[in-house]
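Mapping the sequence shown onto our numbering, position 22 (from 1) lands on 22, and the numbers just tick up by one.
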Amino acid sequence: MSIIDEARTMRAKYVSLAQNAPDELLSSGNYLSVFDLLTGDGSLIPARSVRRFEGQLYRANVDCWDRADNWPDTAPALWTQITLDEWPAWVQPTGAHDAYNIGDKVAYNGKRYISQIVGNTTVPGSDARWWQEVTE
Numbered sequence: 001m002s003i004i005d006e007a008r009t010m011r012a013k014y015v016s017l018a019q020n021a022p023d024e025l026l027s028s029g030n031y032l033s034v035f036d037l038l039t040g041d042g043s044l045i046p047a048r049s050v051r052r053f054e055g056q057l058y059r060a061n062v063d064c065w066d067r068a069d070n071w072p073d074t075a076p077a078l079w080t081q082i083t084l085d086e087w088p089a090w091v092q093p094t095g096a097h098d099a100y101n102i103g104d105k106v107a108y109n110g111k112r113y114i115s116q117i118v119g120n121t122t123v124p125g126s127d128a129r130w131w132q133e134v135t136e
């Protein structure tokens, strides 16, 4: 095995380990270069995989293909941005696997909300039973 082949094998193992790292660790920015860039090459991206897009890290919510129509800017429901932002932008969940849970914080239409239920797929501000608006 050549040194190039060994390096590729080591990188694959490193990326595999990093895929499972907590989002808090990944959001530090120190791991940005570890993950593959979305290129539009049509390759399969397994659910929970992390990819780079426009200088940010995103985790795939479901299996999808690396195509421009599946990227975070055109299909945000397929991705979760990895961020330390306390109030990340609300994204419409696609199912139970990416629904919001009790206590999850989001920003939506210039306001901040905290989820009041498990499995929350509703739009913030639509009903106070599901989202509590934070006015502080």
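No residue lacks a Cβ here, since even glycine has one placed at the ideal position from N, Cα and C.
Best match in the options for proximity to residue i [C-alpha to C-alpha]
i: LEU44; options: ASN30, ASN70, VAL34; result: ASN70
Distance between residue j and residue i (C-alpha atoms, nearest Å)
i: ASN138; j: TRP130; result: Here the chain covers residues 1 to 136 and nothing more, so residue 138 does not appear.
i: LEU32; j: GLY55; result: 8 Å
i: GLU136; j: LEU25; result: 28 Å
i: PHE35; j: ARG11; result: 10 Å
i: ALA77; j: THR9; result: 32 Å
i: SER115; j: THR80; result: 17 Å
i: LEU37; j: ASP5; result: 21 Å
i: ARG51; j: ASP63; result: 13 Å
CB of residue i within 7 Å of CB of residue j, strictly
i: ASP85; j: ASN61; result: no
i: ILE82; j: ARG59; result: yes
Local Cβ density within 10 Å of residue i, reported as buried at 16 or more and exposed below that
i: ASN120; result: buried
i: PRO22; result: exposed
Where residue i falls: helix, strand or coil (DSSP)
i: LEU37; result: strand
i: ASP54; result: This sequence places Glu at residue 54; Asp is not what is there. Here GLU54 sits in coil by DSSP.
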